[in-house]
Each structure stands twice: as C-alpha cells, then as structure tokens.
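Engineer: Submitted below is the structure of interest, expressed as structure tokens.
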Amino acid sequence: MYEDEKLVCEDCGKEFVFTAGEQEFYAEKGLVNKPKRCPECRKLRRKQHRRSRKMYDAVCSKCGAQTQVPFKPVPGREVYCKECFKEVETSSAPQQSEESANTAE
Ligand SMILES: [Zn+2]
Ligand SMILES: [Zn+2]
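The following block contains the structure:
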C-alpha cells in the first residue's frame, strides 16, 4: 500500500504531496526516483523547455553578419539577421511600404 508523502520542491522549496496514486503510477512505470519538483515547477520547466528551441548559426544573406536562426540553414536558401529580416519583412508588406515612401529622406 502506498501513502501520501510530503516532498520538498527542489526549485521553489515548497512542500508538495507525492500522492499514493502517483507513487503507484511511478512504480508501474518502473521509476525509482521520486519527483524532485512540485507540479507547478514541473509544468513551468516543460514550458521553458519548449521555448528554448535549438538555434543554428547562420550568415545573413544580405549583410553577411553572423546570426542565429531557429531552423537548420539550407544552402541556397536566404537567411537574414534580425535587422535585415525586419527590413525584408517591412518592404514586402504593402501597408508598410506606403508609409516608408512618405517618410523617405
Ligand atoms: Zn516548485
Ligand atoms: Zn543582415
């Protein structure tokens, strides 16, 4: 039989309950380690993990600057640094190009 167990979260230091049901679930999965983090921190970490995507080094096709892109650069495909990407994006947007024509020096 399992009993609810109080554990302390490694991340926030708060106490959380490792319930009997969870313990059973862990045992079924063959997990020997108890959870180190409370459910909130676990959720948070999962979210952060998703956000920290792998970045690839690339060279901007326009200005030649070193930059990083969230996808694997393909030879022959244009890659822009942040600055150039902004330029390319605004110049291709019709409502923006009208505005920049008015403010041209
Ligand atoms: Zn926590
Ligand atoms: Zn650039």
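Per the numbering used here, numbering of the sequence shown is gapless, rising by one per residue and ending at 408.
We put the CB at the ideal spot given by N, CA and C, even for glycine.
Please report how far the alpha carbon of Pro338 lies from the alpha carbon of Asp307, in whole angstroms.
Structural biologist: About 13 angstroms.
Engineer: Could you have a look at Thr393 and say whether DSSP puts it in helix, strand or coil?
Structural biologist: It is helical.
Engineer: Within its chain, find whatever has a CB closer than 7 angstroms to the CB of Tyr383; leave out the 5 residues flanking it on each side and keep chain order.
Structural biologist: Excluding residues within five positions, the ones whose Cβ falls inside 7 angstroms are Cys363, Ser364, Lys365 and Val391.
Engineer: Would you kindly report the start and end of the unbroken alpha helix (DSSP H) that includes Ala323?
Structural biologist: Counting along the chain, the alpha helix (DSSP H) containing Ala323 begins and ends at Ala323 to Lys332.
Engineer: Which residues in the same chain have their Cβ closer than 8 angstroms to the Cβ of Lys385, if we skip the five residues on either side of it in sequence?
Structural biologist: The residues are Thr370.
Engineer: For Ala361, write down the residues that DSSP places opposite it in a beta bridge.
Structural biologist: Looking at the DSSP assignment, Ala361 forms a beta bridge with Thr370.
Engineer: Which first and last residues belong to the alpha helix (DSSP H) in which Lys337 is found?
Structural biologist: Premise fails: Lys337 is in no alpha helix (DSSP H) and is neither H nor E.
Engineer: Quick check on the DSSP output: the beta strand (DSSP E) that includes Lys309 runs from which residue to which?
Structural biologist: Per DSSP, Lys309 belongs to the beta strand (DSSP E) from Glu308 to Val311.
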